[in-house]
Amino acid sequence: MKVFTHEVTAKNGEVGTLTAYLPTYFSDFGDQALRKAVIICPGGGYAHVSEREGEPVALQLVAAGLAVFVLDYSVAPAMYPTALTQLAEAVSYVRQNASAWHIDHQKILVAGFSAGGHLAASLGTMWHRKLVEMGFDPEMIRPNGLILSYPVITAGAFAHEGSFENLLQTKQVAAWQDQSLELLVSEQVPPVFIWHTVADQAVPVENTLLFVKALQQAHVSYECHLYPNGPHGLSLANPSTATANNPAVANVASWIELLKTWLATFY
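Just so you know, the sequence shown maps onto residues 2 to 268 in this note's numbering.
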């Protein structure tokens, strides 16, 4: 496996770091054996970037044969759209180098946990609109799929207020509504794999339910898994990512294998 880092620069000059985990490409694979790629956005409420939701997840996906990248994006006091433009630059960078890294340029997905889920879903809902207005080539930054783990989605009644306060540095209703992603879903959103625990007390499960309802109405393909138990921030939900506040939860830990099946089925 080859591991290296690359700086991604937002439109305002703020720099994030993309860490690549590229599986060894053996010559007997042949020239046609192209890999899927996943860019992971860990969570942290737009206040920090969780290490538990980065490398441990990346290694699981590398073991399944994917090229994986973890984005350490800018957080507060950096404001919208800093992190979003860093993610767009990251997708463009991977797509530009897809041939050299044996990646299928039409199978580049973006994953996100918690506030990182909001970031990933922001790209999924804005790649063809707001980011074009910022000067991006939509075909270079277009995600081919979204993988969302207990995501922050809505700025409405079930909002995780801390994430929006950090992202926007304001409590103006109009600014928050512009980032309420269930309102931005269209048929241009790529296929989605999404999961949440019903018992999540930090980011209510209604965030996922509202997004899934919008996906259904827009006829966007999705797979949704809801688990009855478990707190927020479980990451892999197994001993490798467990903490005192984020324990291993055996049934929730199934999500990563379900994701691998989804990836194999639809990509």
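All residues carry an ideal CB built from backbone N, CA and C; glycine is no exception.
Would a C-beta distance cut-off of 9 Å place V111 and G146 closer than the cut-off? yes
Close beta carbons around G117, own chain, < 6 Å, minus the five adjacent residues each side: C42, P43, G44
Identify the continuous alpha helix (DSSP H) that holds H7 and give its terminal residues. Counting along the chain, H7 falls outside any alpha helix (DSSP H), though it belongs to the beta strand (DSSP E) covering 3-10.
Just confirm the distance between the C-beta atoms of Y47 and L168, as a whole number of angstroms; I'd bet it's less than 8 Å. 5 Å
Can you list, in chain order, the residues of its chain with a C-beta nearer than 6 Å to that of G234? Leave out the 5 residues immediately preceding and following it. N247
For A251 and V133, what's the separation of their Cα atoms in angstroms? 42 Å
By Cβ distance below 6 Å, which residues in the same chain neighbour L182 in space, the five residues on each side in sequence not counted? A122, T126, I154
Please report how far the alpha carbon of F267 lies from the alpha carbon of E52, in whole angstroms. 28 Å
Taking the beta carbon of Q218 as the centre, do at least 16 other beta carbons fall within 10 Å, making it buried, or is it exposed? exposed
Test item: CB-CB of A38 and L67 under 9 Å: yes
Checking 9 Å against the spacing of the C-beta atoms, do A79 and A176 come in under that value? no
What are the boundary residues of the beta strand (DSSP E) that V16 is part of? 16-23
Which residues in the same chain have their Cβ closer than 8 Å to the Cβ of L227, if we skip the five residues on either side of it in sequence? W196, H197, T198, V199, V206, T209
If you follow the beta strand (DSSP E) that E224 is in, where does it begin and where does it stop? 223-228
Let's see if you can read the secondary structure: which residues bound the alpha helix (DSSP H) around S123? 116-127
Rounded to a whole number of angstroms, what is the C-alpha to C-alpha distance between G113 and H103? 23 Å
Within 10 angstroms of the Cβ of T83, are there 16 or more other Cβ atoms? Answer buried if so, exposed if not. buried
Simplified DSSP state of I1, which is helix, strand or coil: The structure shown does not extend to residue 1, since the chain is modelled only from 2 through 268, so no value can be given for it.
Own chain residues within Cβ distance below 7 Å of T86, not counting five before or after: A11, K12, M135
In whole angstroms, what separates the C-alpha of A77 from that of L120? 14 Å
Look at the alpha carbon of M2 and the alpha carbon of Q202, and state the distance between them as a whole number of angstroms. 38 Å
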